[in-house]
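To start, the structure itself, in structure tokens.
Number of protein chains: 4
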Amino acid sequence: MRDVVVVAYASREDALILARGLEARLAQSVAVRTYLVDDDELVDVSSDTLVVSLGGDGTFLRAARLAHQADAEILGVNLGRVGFLLSVPPESLFEEVDRALAHQLATELRVALRVTSSDQPINEFCLNEVVVERDQIGHMVRVRSFIGEDEFLTYSADGVMVATATGSTGYNFSAGGPVLSPELEVLVLTPVAPHFTIDRSIVVGSDQVIRLQTLDRDAAIVADGKLVGQLHAGESIMVSNDPRGVKVLATEKLGLGSRLRHSLREGHA
Amino acid sequence: MRDVVVVAYASREDALILARGLEARLAQSVAVRTYLVDDDELVDVSSDTLVVSLGGDGTFLRAARLAHQADAEILGVNLGRVGFLLSVPPESLFEEVDRALAHQLATELRVALRVTSSDQPINEFCLNEVVVERDQIGHMVRVRSFIGEDEFLTYSADGVMVATATGSTGYNFSAGGPVLSPELEVLVLTPVAPHFTIDRSIVVGSDQVIRLQTLDRDAAIVADGKLVGQLHAGESIMVSNDPRGVKVLATEKLGLGSRLRHSLREGHA
Amino acid sequence: MRDVVVVAYASREDALILARGLEARLAQSVAVRTYLVDDDELVDVSSDTLVVSLGGDGTFLRAARLAHQADAEILGVNLGRVGFLLSVPPESLFEEVDRALAHQLATELRVALRVTSSDQPINEFCLNEVVVERDQIGHMVRVRSFIGEDEFLTYSADGVMVATATGSTGYNFSAGGPVLSPELEVLVLTPVAPHFTIDRSIVVGSDQVIRLQTLDRDAAIVADGKLVGQLHAGESIMVSNDPRGVKVLATEKLGLGSRLRHSLREGHA
Amino acid sequence: MRDVVVVAYASREDALILARGLEARLAQSVAVRTYLVDDDELVDVSSDTLVVSLGGDGTFLRAARLAHQADAEILGVNLGRVGFLLSVPPESLFEEVDRALAHQLATELRVALRVTSSDQPINEFCLNEVVVERDQIGHMVRVRSFIGEDEFLTYSADGVMVATATGSTGYNFSAGGPVLSPELEVLVLTPVAPHFTIDRSIVVGSDQVIRLQTLDRDAAIVADGKLVGQLHAGESIMVSNDPRGVKVLATEKLGLGSRLRHSLREGHA
């Protein structure tokens, strides 16, 4: 039987009010639980759970991690300013949850990343991007990149990331990377503020493995904006397509073009 | 029965000497003809023809057009400085032609573009990119872009291009676009020197159709560096995946990483 | 005695109507003549002439050339969409012309460029930028740059420009260059769509001379959007500070910050 | 009477050996002391002291701070890979120190920055740049910028910096900023990885004051790569020209062009 898990930050009152509204509304038919991202309490999710993200892109990334563990579907409700990942406006929450529970929404399978290391006990999932970045103020990291066996560029930079198409409008965009249609099965290698090196992104198929190796100095490993580990000089992470993608529920949504134009106008408001 | 067509510019003596060498060598076994790009004479190519490009990336683009018409295979020999499209060094010409004729080389199918217009009798093939660009000195064009039915950005720019992954290291790269692994089935929308608009590329699946519409002013349509038509204000071109890709013969080649590092060093020599 | 020359494009009816209005208004006191940019008729301007530009940035650049010849002052009225160079909205035309004639407006002296060549009989003034650019479709130019005796980068590009601070929000901005406060006495070297070379601008003092030399191939010389000459392979232009700047009349204008924010929002509308 | 202070990192043995060599050589004539950057011990410097920086650009920035306090002259010896700030190769150390002590080297006065705040007891000098940057992993800062009274853009970014012309080849360059001739009296505003905002630098005269205000969230203040304070949401720093520049000793040095070409080749090695 289906149940609903709502994901929100404890600090977002608008999200909590909506969550309570949803609980009240569905009380008779399905179990609704609210998962607060902040206190990292555990919550059981099964493949029949509908995960509803109430917040901005950051909340969605946390919700996606939760949903992905159980191969559950996720519905993104946009309470944020930009919300590139989010297809449902808050006023459509009830309606879209009903449609989702009735299996009336199409599922888009999004490429996600699996981050491992032969040097570290790291095994992380992320949906947007993983970054190897400086962990000291005022010091660049030096990162060598490999795609499969093929050595690519070596960057002195604030960081070097591998992003998905879904994540292309996130940190990748800030760092100068291209916008990619979210269904594309690719990995995007983008340096952040590289010194005296070309700053162009490199896009390869998601069947490739990208290796990022730190030289000289330690570096932080940041997955979807969360610190998940430390690389020592000489160590590497391997970034590949997670064998299981993320099941995102699609609604009659704004196209990428409209969102892009909206975000650019907003960005300069 | 197989035959060979060598493509070269009449002005490249090194290419012509190599072509004559190849003719002499294969005289007993297969027919070798040389096609000079410059004088645009016709040459018959069948699907059994091996098209050999002797020159730089520009020659290869001409050779690809020729090969594509007949669905023939193409082997790119690098006589140029960069040669991103070209896998064979000149000293391996004879050997690789032998392997190609013996069907010992793998064929990579590359996405190419089909450019049409409902406003103009245009029906063009290109392998690298098509550009809608200003045709007057000192005047930008204004181009509105659509991906499928979805309106994207409107650019005031020197031009707006749609490139393939194969073409990503060409004009797309100059204009600030990302490098894409050549087998990716995508279209890349990249503006050239856009005024007061974001200059980031947009990458979509090759099942999409990109429409570029000129506003205000006429514009030139340039496919693989060749003028192929004129758009009047208000008219559009549609750019899509050519139903038939280009059959490029692959050799044990330098990886994209090595080429990129080499080209960047050269670029700053 | 002071007189007024209005500069406008014949095709801009709004400008011509305003010009006629101004003539009528000032008929009793000062002579008003209208100079149409398009037909390149001659018009006498003295250092006592007030040159009034009615149009967009393009009109202003033509008006500046006219004013500069006679060391006359120029007042820019903004009938265009962007108008970075233009401080007067059309509704303030009469008022600001009165103030200008009464010497109540401050004069800003803007750095302009002098373009010469030891290989060509070129001697051009420009206010925004001079570009050495490709004159053939589909072919980059190769341009070597020198600042004084110091060799800088060599670009394969659509073009290479030297811009003033005044011109920094024009073509320089499209090509990726920085925005500079218009009073800065600097020259800005910016490549347009350079291939495999760093695309960063280089800013030097206006006491420097920048030399741009074409290699391999002919190139067009374009000053403020107007073709002014042709460089043959191996030839150079020298770009320096014009000994006489352009006298731009300043009003209580929008700051650069407001204009920039406005233009960026507009650019993504 | 003149004395010499050598600045080096304790961890750089090559620097310490050179320092000892210099001490031995000058023992009879002038006092030589070595200042180790790492242990932050105090060292007395007077306006007659010759400060010698032995290391890379990072060492030079520390040495410049020391020299600036006492208005002393500084000589930069390049033991690093890039060394844009450094004019003396290690093999010329003795010779150039002799010339410096004999007042045979020209002094270049470089613009430096003074960083203050009306919200914080901050009063910092820096030579390259000051950055208001995120102090939390995975969270952008929001920074509003003002030049004088004129509001400029608001950035969501990893950071926003104000750099000098001297610092333009440092972090400013990594972040996409232009290269400026080091004698230029300007301030350069450059965002680091800004989201959905134009990433272009803004260059203004060094008589301007740039204010950076954090919105929403706390931020770190980093001057020449060193953490110097914390801004709370709503607080601002003011960045202006330090009334006293830094006295850098010039030798017959490589021009900026050669250095740039060298660094770009190195960057892609």
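For the protein sequence lines, the chains are B, Y, E and U, in the order given.
To convert, note that position 261 of the first sequence is 939 in my numbering; the numbers rise steadily by one, no gaps.
To convert, note that position 6 of the second sequence is 684 in my numbering; the numbers rise steadily by one, no gaps.
To convert, note that position 4 of the third sequence is 682 in my numbering; the numbers rise steadily by one, no gaps.
To convert, note that position 195 of the fourth sequence is 873 in my numbering; the numbers rise steadily by one, no gaps.
Beta carbons: idealized from backbone N, C-alpha and C, even for Gly.
Model, not experiment: these values are computed from the prediction.
- Y/Gly935 and B/Pro767 have their C-alpha atoms roughly 43 Å apart.
- Rounded to the nearest whole angstrom, the CA to CA distance from Y/Pro860 to Y/Leu805 is 11 Å.
- Residue burial annotation: U/Met839 is buried, with at least 16 other C-beta atoms found within 10 angstroms of its C-beta.
- For U/Leu714, the enclosing beta strand (DSSP E) begins and ends at 710-714.
- Excluding five sequence positions before and after U/Gly854, the CB atoms of its chain that fall closer than 6 Å to its own CB belong to Asp877, given in chain order.
- In this model, E/Leu728 and E/Ala686 are separated by some 14 Å (Cα to Cα).
- Restricting attention to B/Gln908, B/Leu927, B/Arg943, B/Met679, the CA atom closest to the CA of B/Ser796 is found in B/Gln908.
- DSSP, read as helix, strand or coil, puts U/Pro768 in helix.
- With a threshold of 16 other beta carbon atoms within 10 Å, E/Ser724 falls short and is exposed.
- Cβ neighbours of E/Arg703 within its own chain (closer than 8 Å, five residues either side excluded): Phe772.
- About 14 Å separates the beta carbon of E/Ile825 from that of E/Ile915, a gap too long to meet the 8 Å contact definition.
- Around the beta carbon of E/Gln891, a 10 Å sphere encloses 16 or more other beta carbons of the protein chains shown; the residue is thus reported as buried.
- What Y/Phe772 touches in chain B, judged by beta-carbon distance under 7 Å, is nothing: the nearest beta carbon there is about 27 Å away.
- Y/Pro921 has no beta-bridge partner at all, per DSSP.
- When only Cα atoms are considered, U/Gly758 and U/His781 end up about 26 Å apart.
- Only those residues of the region 702-718 of chain Y whose C-beta falls short of 9 Å from the nearest C-beta of chain E would be listed, and there are none.
- Distance from the Cα of E/Val755 is smallest, within the candidate group E/Val810, E/Leu696, E/Val721, for E/Leu696.
- Of all C-beta pairs linking the region 936-943 of chain E to the region 708-718 of chain U, fewer than three are shorter than 8 Å, placing the two stretches out of contact.
- Distance from the Cα of E/Leu700 is smallest, within the candidate group E/Thr875, E/Asp894, E/Val683, E/His940, for E/Val683.
- For B/Ser834, there is no enclosing alpha helix (DSSP H); the enclosing beta strand (DSSP E) has its first and last residue at 828-835.
- For the region 764-790 of chain E, the beta-carbon criterion of a distance under 8 Å to any beta-carbon of chain Y is satisfied by none of its residues.
- The alpha carbon of B/Pro869 has as its nearest neighbour, out of B/Leu862, B/His817, B/Ser879, the alpha carbon of B/Ser879.
- U/Leu753 is the residue among U/Gln886, U/Ala841, U/Arg792, U/Leu753 whose C-alpha sits nearest the C-alpha of U/Leu779.
- Beta-carbon to beta-carbon, U/Ala897 and U/Arg812 are separated by about 6 Å, close enough to satisfy the 8 Å threshold.
- The residue among Y/Thr929, Y/Pro872, Y/Asp716, Y/Pro856 with its C-alpha nearest the C-alpha of Y/Val775 is Y/Thr929.
- Listed along chain U are Gly855, Pro856, Val866, Arg878, Ser879, Ile880, Val881, each with a C-beta nearer than 8 Å to that of E/Pro856.
- Restricting attention to alpha helix (DSSP H) runs no shorter than 4 residues, the region 776-859 of chain B encloses them at 849-852, ordered along the chain.
- By the Cβ neighbour-count rule, U/Gly912 is exposed, with fewer than 16 other Cβ atoms within 10 Å of its own.
- Around E/Ala790, the same chain offers His746, Phe803, Cys804, Leu805, Thr842, Asp920, Gly923, Val924 as residues with beta carbons nearer than 7 Å, after the five sequence neighbours per side are excluded.
- For the options E/Leu732, E/Ser731, E/Val721, E/Phe762, the alpha carbon positioned closest to that of E/Ala748 is the one of E/Val721.
- Distance check between B/Leu739 and each of B/Val810, B/Gln886, B/Gly845 places B/Gly845 closest, using alpha-carbon atoms only.
- Here Y/Gly733 is near Y/Ala693, since their CB atoms are less than 7 Å apart.
- Under the three-state reduction of DSSP, B/Ile695 is assigned to helix.
- For E/Ser859, the closest Cβ of chain U is nearer than 7 Å.
- Under the Cβ criterion of 7 Å, B/Asp828 is counted among the residues facing chain Y.
- In the DSSP assignment, E/Ser731 falls within the unbroken beta strand (DSSP E) covering 727-733.
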